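From first to last, the protein sequence lines stand for chains H and L. All residue numbers for the first sequence refer to my numbering, where the first residue is 8 and numbers rise by one. All residue numbers for the second sequence refer to my numbering, where the first residue is 71 and numbers rise by one. Beta carbons are placed, not taken as given, at the ideal position from N, Cα and C, and that holds for glycine. Only a predicted model underlies this, so the values are computations on that prediction, with no experimental measurement involved. Take a look at the structure below.
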Amino acid sequence: MLKLGKYEFHSRLLLGTGKYPDYDTQKKAVTASETEILTFTVRRMNIFEKEQPNLLEQLDLKKYKLLPNTAGAKTAREAVRHAKLARASGLCDMIKVEVIGCSRTLLPDPVETLKATEELVKEGFTVLPYTSDDVVLAKRLEELGAHAIMPGAAPIGSGQGIINPAHLRFIIEQSNVPVIVDAGIGSPADAAYAMELGADGVLVNTAVSAAGNPVKMAEAMKLAVQAGRVGFKAGRIPIKRYATASSPMEGIVNS
Amino acid sequence: MKVRINGQLVEVPDTLATLTDMVNHFSLSDRILIVEVNGVIAEKQEYDSTTIKELDSIEVVHFVGGG
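Below is the structure:
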């Protein structure tokens, strides 16, 4: 079970809802992923074009927990405002703190992320900050009361996969709250690798939504996260430099 | 009267007295949305008691896809 604050989930795959080719594909991908947590973001509504489709309004909200993000916020103050707006929907009290500090890399602003996390924890939110792979920052976020830590694997939407597995492992090993690898995952292998490193969950968006076949990729990510988790629990073998035979050396039939 | 909705000045009937009236006027009552009036979030149960007046700044937001 994945425990995030007071919530428990069977699935360890969190799915973003941005940038799908169309709504039908998106709905099928969500189903195929078997996720229980969907991320959203808060934006102004075009009240003069009301007929625009809205995924959230087409979902069975009993089946999914919403994890709104604060994407678009550049300061803690803006992130807190986004979070409060999201909670006022009456649909959710989880929030993914995302305060971007660099427009080219979309890497998070650590100072503003800390401030926002502190305030949102005080306000009673279930707080999941998106952070870099900095171990000390992860510790500080946990000390402030973050309910999970969400280090990026690589820059958002880049599909580069896990570019710093050593640091992710450091974060995972020292963390007392769940660690969800967020951002930069490109393929099922990346998702499985994150789980094999000991992550408690993986959040993907672009890797699914922009895949050649998002529905198939959603299923592949589901299986990868499951496989990686079971593999982690099983305990992989140590890496050796040279071969060790798998077949017995005794009784070899020879002349 | 004129009110500012999502940053845009909009003419609405003077008969709109409350936030509930405004939400109904724009046929938004069955939508999942959140409203902020002059920087203060209005909870659903406060719509009836939240009055709207000339040049109020109203934000109407909702959830869209994002990661």
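So which residues of chain H does residue i contact, with C-beta pairs closer than 7 angstroms?
{"i": "L:Glu106", "result": "Leu92"}
{"i": "L:Asn76", "result": "Arg51"}
{"i": "L:Ile122", "result": "Here the premise fails: no neighbours, minimum Cβ distance about 14 angstroms."}
In this structure, does DSSP put residue i in helix, strand or coil?
{"i": "H:Ser165", "result": "coil"}
{"i": "H:Ser216", "result": "helix"}
{"i": "H:Arg94", "result": "helix"}
{"i": "H:Lys181", "result": "Inspection of the sequence shows that residue 181 of chain H is occupied by Gln rather than by Lys. Helix, per DSSP."}
{"i": "H:Ser254", "result": "coil"}
{"i": "H:Ala173", "result": "helix"}
{"i": "L:Gly109", "result": "coil"}
{"i": "L:Phe96", "result": "coil"}
{"i": "L:Met71", "result": "coil"}
{"i": "L:Gln78", "result": "strand"}
{"i": "H:Gly208", "result": "strand"}
{"i": "H:Glu125", "result": "helix"}
Taking Cβ-Cβ distances shorter than 9 angstroms, what residues in chain L pair up with residue i?
{"i": "H:Val49", "result": "Ile104, Val131, His132, Phe133, Val134 and Gly136"}
{"i": "H:Asp75", "result": "The question names Asp, but residue 75 of chain H is Pro in the sequence shown. Chain L residues near H:Pro75: Phe133 and Gly136."}
Whole angstroms are fine: how far does the CA of residue j sit from the CA of residue i?
{"i": "H:Thr264", "j": "H:Val118", "result": "Residue 264 of chain H is absent from the model: chain H starts at 8 and stops at 262."}
{"i": "H:Thr133", "j": "L:Leu125", "result": "36 angstroms"}
{"i": "L:Arg74", "j": "L:Ser127", "result": "5 angstroms"}
{"i": "H:Arg236", "j": "L:Leu98", "result": "44 angstroms"}
{"i": "H:Lys81", "j": "L:Asn94", "result": "34 angstroms"}
{"i": "H:Glu85", "j": "L:Glu113", "result": "19 angstroms"}
{"i": "H:Gln181", "j": "H:Ala190", "result": "21 angstroms"}
{"i": "L:Glu106", "j": "H:Lys34", "result": "30 angstroms"}
So, is residue i buried or exposed, given that buried needs 16 or more other C-beta atoms within 10 angstroms?
{"i": "H:His154", "result": "buried"}
{"i": "H:Ser17", "result": "This sequence places His at residue 17 of chain H; Ser is not what is there. Exposed, by the Cβ-count rule."}
{"i": "H:Ile44", "result": "buried"}
{"i": "H:Cys109", "result": "exposed"}
{"i": "H:Lys259", "result": "In the sequence as displayed, the identity of residue 259 of chain H is Ile instead of Lys. By the neighbour-count rule (16 or more Cβ atoms within 10 Å), H:Ile259 is not buried but exposed."}
{"i": "H:Ser253", "result": "exposed"}
{"i": "H:Ala93", "result": "buried"}
Determine the chain L residues that contact residue i at a beta-carbon separation under 7 angstroms, and present them in chain order.
{"i": "H:Ile54", "result": "Ile75, Phe96, Leu98 and Val130"}
{"i": "H:Lys247", "result": "Ordered by position in chain L, no residue passes the 7 angstroms Cβ test against H:Lys247, which lies about 39 angstroms from the chain."}
{"i": "H:Ala95", "result": "Ile104, Ile111 and Glu113"}
Residues of chain H with CB closer than 8 angstroms to the CB of residue i, please, in chain order.
{"i": "L:Lys72", "result": "The contacting residues do not exist; L:Lys72 stays about 15 angstroms from chain H at best."}
Which residues of chain H have a Cβ atom closer than 9 angstroms to the Cβ of residue i, listed in chain order?
{"i": "L:Glu81", "result": "The contacting residues do not exist; L:Glu81 stays about 13 angstroms from chain H at best."}
May I ask you to list the residues that DSSP assigns as paired with residue i?
{"i": "H:Val49", "result": "L:Phe133"}
{"i": "H:Thr133", "result": "H:Met101"}
In chain L, which residues lie with their C-beta within 8 angstroms of the C-beta of residue i?
{"i": "H:Tyr27", "result": "Gly135"}
{"i": "H:Glu64", "result": "Arg101 and Ile102"}
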